[in-house]
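Protein chains in written order, with my numbering: chain A, 31 to 378; chain B, 656 to 944; chain C, 15 to 326. Note that beta-carbon positions come from the ideal geometry of N, C-alpha and C, so glycine has one too.
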Amino acid sequence: MKKLSALTFACAIALASAGTALASVRLLETGSTLLYPLMNLWVVAYQRDHHDVQITTQGTGSGTGISQAIAGVAQIGASDAYMSDGQMRVTPMLNIPLAISAQQINYNLPGLNGVHLRLSGPVLAGIYGGRIGYWDDPHIKAMNHGVRLPHQPIVPIHRADGSGDTFIFTQYLSKSTPWWNHGPAYGTTISWPNVSTAVGAMGNPGMVQTCKATPYSLAYIGVSFLTQTNEAHLGYAALQNSAGQFVLPTTTTIGADARALENRTPGDERLSLIFAPGKESYPIINYEYAIIKPHQPDAATAKALRAFLNWAIDARGGQQMRFLDAVHFLPLPANVVRLSRQQINKVH
Amino acid sequence: MIAASAARRRRASAIVSQAWWSASVAALGLTVVILAAIFGFVGVRGAGGLSVKLFTTVTSGIAGGLANAIAGTLLLVAIGLAIAAILGIGTAMWVVEFAPPWAARTVRFTIDVLAGVPSIVVGYFLYVALVEGLGWGFSLIAGALALAILVLPYVERSADVALSGVPRDLREGSVALGARPAVTIFKIDVPYALPGILTGMLVAIGIGLGETAPLIYTAGWSNYMPSLAPIHSPVGYLTYVVWTFISQPFAASHRLAYAAALLLMIFVFVTNLLARSFVEYRLGHHRGR
Amino acid sequence: MLTGAAAFVSSFLIVAMLLGLFVYAYPAIRFNGLGFFTSIVWNIGNQYGSGATVTHNGYSAEPGASFGGLVFIAGTLLTSVLAMIIAVPFSILVALAIVYRLPAKVKPLANAVVELMAGVPSVVYGLWGMVVVVPFIGSVVAPFAHDHLGIIPFLGGATESGNGLLAATIILAIMVATTRDSLQAQSKSIYEASLALGSTTWQAVTRAVLPSVRGGLGASILLSFGRALGETMAVLMICGSAINTLPNTIFSPVNTIAAVIVSQLESALTDASGMAQHSLGELALALFLITLLVNGVARVILRGAPHAGVIG
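The following block contains the structure:
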């Protein structure tokens, strides 16, 4: 046994020394699994012409990203949600938007997945809150004239792990439905009302998988999984926005929402984009954040961080559509880029 | 009459015996089928991702190779297992040979309890204590320690069972011949108990290779080859690839995830073969067969 | 006395973790009180809202917070017990087949199969369970049970039965390996003596051999039960992650302590009051105590068993 471990050890050392690159600064990015695919595309491209820095990416979840950035274990904490006031009181951090993401409401209705059902916040709240149990409920029928909805119980699927997707979905329910706001409210994990048919799933792939395997189910899934939901032949809904219009998630409608709120984004950039005004605006979109400690342990780390983040929000850097298209994200509006730059330059 | 009924009873018990043995062989067959199903599942999906590049290049983003993860996995498991072996086998020896009964009871009890601690708790505990608390950051040592704690019960318990199974007469014979306790242990007990100890180590390697959650909080993850620095340097490993890359919205990352799963199973397979043939050799050698 | 030092360190590790966990969970123990064991509501509170914070016994959490652990404690016990009911008899049968029925030439192969099974990573079992086992239960087993046994329809994509089955598969390998070892450690003489007295081969095994290795068997059952209690990734991927609801059939979604710690740790880290993290610590402590209890009970049952050196 000893010989064996000695052997593997020797192999590992040989491999390790063969592959170790010498870099002056190491950065660790960890957090949001929604931002993780984009981060991976960015880092690979960035490292091609920046050899003085080693950046490692980890998809661990937004909560972990925030807490490890605070602990100083990671330099970049990726999060789908901005930090709460409570958290900011305990440890003030920079919340820097890097891109814009959106969310689709998917369903598996045999025979109807090609039809874009119309759904509203209050209806979704009713389903996830146990007040609307069947697909042919009058509330759903009322907004879907001419669609033959089956008399089948709805299976609402929610995320079992803490997730930025849950955060933005429940925020949409809270902003559109007063009773939800006073009840379950919103967060990366919420106390889901007791619905006997409800199921939890792990991660976005678990959501796609479960929705695909469960007829008459309903799920909320990040737009970066559009290719997967299409392959699974899931339907996606047109959602009612604050102007009362039903809109599908498209580049135009997501962009309309982002522009509507561009000028309202405050200096610290902690802002919800959910349920924004405007006839065209798709209601569930959000900023993807980098959570950064303003004071870094040394100047070299701070410099490398500023360089990478500035590249990520630059139109000739990370905001190029060849990166964003791969995950169906949208670039930051010009004003937000300006605010993000101001925040990045505070890193020292 | 009596003879006839006895014969009937014997025949009946023979049939019952035969039926149970059939059930037992069928259970073994089912076990083989389950393993084949899992291997087939991973093999079919993972084989497409296997290539030379997989072993020679590091992970870049969600594509590239797995060289960093392979090296990291081997390093973490080797160090973790070494720590667990020293602690576990040492503990088992003390418990079987030297400990007063109450102490043996207590130690065995604590070790059984440790087997029930979920891996994430060990990982999070070490995260709070070492990664954050002592400021080690994500590191090789923190990851290896997590693995060591997790596999310790399996190493200790199988060594314990194996050492307890050493026939008294063999051991007493050695003592009667005036051998010191340490000599008895290494000349009599260890060779006799080796297959059992090894089974525990193999189970431990399997568990160590397959751990995910605790490593995420201790070893972190790295796209680069592990540096041998014990602290302040995250390490990549294969289960991270399985767990995280399967959740990525790209076909390329899924291929990598299944390839990593297949590699893990091949590692376990090879380790088993090596260790088994080593034991056969030792047994043959030792017993002069 | 190096071995004594090793034993001390091994035990110390556990005691240190237990104490560390207790200190970490203490605010939650005070905050949650007995409700921890009776309530099914797990809610980290409204992090972004502006209600009044909840305070119990001088410890506070965000508005609306409640940390009931009943769903997870019950789910852990259900899953593990179901897994043991399946795995214990099954693995004894398999171990007996390997030791007494296989020709010497095939034996190494069977041993390799068992050890390989123990080496399949938990996440791979989970993946297989998610893609293969759960859909099978959902489309074949549960509808059959519903039609012929008249229980409540299966709706979700994941189940308690799938959970139990998968956990059983995972501990199967460990149980077979350790059971086989204790059978092999037993000298053949008991088996042969029993045969000489006129027993059938099966009687020799069940009446003479198995009782004589009760201690070793007990140890392997305990080890496997521990593993089932703490099994995380595979269970997490298929359990349906029930929250705020108890299972009413073996096909309902459940949740276990280990699984909920992984799935909720991330959210708990966003709780500015920190009470969610402490409560997860309390859940871990509860699992510790369950394991302690199981071991204690097993010890009482196995007291005086031959081979008692192994079980204490």
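When secondary structure is reduced to three states using DSSP, arginine 346 (chain A) falls in the coil class, being assigned neither helix nor strand. In chain order, Glu787 make up the part of chain B whose C-beta sits under 7 angstroms from the C-beta of alanine 101 (chain A). At least one C-beta of chain B is nearer than 8 angstroms to the C-beta of serine 254 (chain A). For histidine 188 (chain A), the pairing in a beta bridge is given by DSSP as A:Gly230. Excluding the 5 residues flanking it on each side, asparagine 125 (chain A) has same chain C-beta neighbours closer than 7 angstroms at Tyr112, Met113, Asp298, Glu299, Arg300, Tyr319 and Ile321, in chain order. Residue-level contact check: tryptophan 56 (chain C) does not touch chain B, since none of the beta carbons of chain B fall below 8 angstroms from its beta carbon. Here tryptophan 209 (chain A) is not bridged, per DSSP, to any residue.
Take isoleucine 284 (chain A), set aside five residues on each side of it, and the residues of its chain with a beta-carbon closer than 6 angstroms to its own are Ala132, Tyr312, Ile315 and Leu360, in chain order. For leucine 250 (chain C), the closest Cβ of chain A is nearer than 8 angstroms.
Looking at the DSSP output, threonine 87 (chain A) shares a beta bridge with A:Glu59. Here asparagine 136 (chain A) carries a strand assignment [DSSP, helix/strand/coil].
By the rule that beta-carbons nearer than 8 angstroms mark a contact, serine 715 (chain B) touches chain A.
Straight-line measurement puts the Cα of serine 226 (chain C) at about 15 angstroms from the Cα of tryptophan 216 (chain C).
Within the same chain, Gly176, Leu180, Ala248, Met251 and Ile252 come within 7 angstroms of glycine 143 (chain C) by CB-CB distance, once the 5 residues on both sides are set aside. Around aspartate 191 (chain A), the beta-carbon contacts reaching into chain C at under 7 angstroms are Ser277 and Glu280. Excluding five sequence positions before and after tryptophan 876 (chain B), the CB atoms of its chain that fall closer than 7 angstroms to its own CB belong to Pro889, Gly891 and Tyr895, given in chain order.
A Cβ-Cβ separation of about 5 angstroms places glycine 89 (chain C) in contact with threonine 270 (chain C) under the 8 angstroms criterion.
Within the stretch 124-147 of chain C, those residues whose Cβ lies closer than 8 angstroms to any Cβ of chain B are, in chain order, Ala124, Asn125, Ala126, Val127, Val128, Glu129, Leu130, Met131, Ala132, Gly133, Val134, Pro135, Ser136, Val137, Val138, Tyr139, Leu141, Trp142, Val145 and Val146.
Ranking B:Arg931, B:Gly735, B:Ala848 and B:Gly743 by CA distance to the CA of threonine 765 (chain B) puts B:Gly743 first. For leucine 248 (chain A), the enclosing beta strand (DSSP E) stretches over residues 247-252. The stretch 56-70 of chain C and the stretch 29-36 of chain C do not touch, with fewer than three beta-carbon pairs separated by less than 8 angstroms. Here valine 229 (chain A) really is in contact with valine 185 (chain A); their C-beta atoms are around 6 angstroms apart, less than 8 angstroms. Around the C-beta of glutamine 372 (chain A), fewer than 16 other C-beta atoms lie within 10 Å, and the residue is accordingly described as exposed.
Taking threonine 746 (chain B) as the centre and dropping the five residues before and after it, the same chain places the C-beta of Val762 and Glu811 closer than 7 angstroms to its C-beta, in chain order. For serine 74 (chain C), there is no enclosing alpha helix (DSSP H); the residue is part of the beta strand (DSSP E) that begins and ends at 73-75. In the DSSP annotation of this structure, the continuous segment of the beta strand (DSSP E) that includes glutamine 270 (chain A) starts and ends at 268-270.
Fewer than three Cβ pairs drawn from the stretch 323-337 of chain A and the stretch 133-152 of chain A lie within less than 8 angstroms of each other, which leaves the two stretches out of contact. When rounded, the separation of the alpha-carbon atoms in histidine 263 (chain A) and lysine 242 (chain A) is 8 angstroms. In chain order, Leu294 place their CB closer than 7 angstroms to the CB of glutamine 278 (chain C), counting only its own chain and leaving out the 5 sequence neighbours on each side. Annotation: the stretch 799-847 of chain B contains the following complete segments of the alpha helix (DSSP H) (minimum length 4 residues), in chain order: 823-831 and 836-839. Between glycine 49 (chain C) and glycine 78 (chain C), the C-beta gap is not smaller than 8 angstroms, which leaves the two residues out of contact. For glutamate 299 (chain A), no beta strand (DSSP E) encloses it, and the DSSP letter there is neither H nor E. With contacts defined as CB atoms closer than 8 angstroms, glycine 159 (chain A) and proline 223 (chain A) qualify as a contacting pair.
For serine 902 (chain B), at least one C-beta of chain A is nearer than 8 angstroms to its own C-beta.
Within the model, the alpha-carbon separation for alanine 702 (chain B) versus isoleucine 85 (chain A) is close to 30 angstroms.
For serine 877 (chain B), the neighbours in chain A by C-beta distance under 8 angstroms run, in chain order, Thr86.
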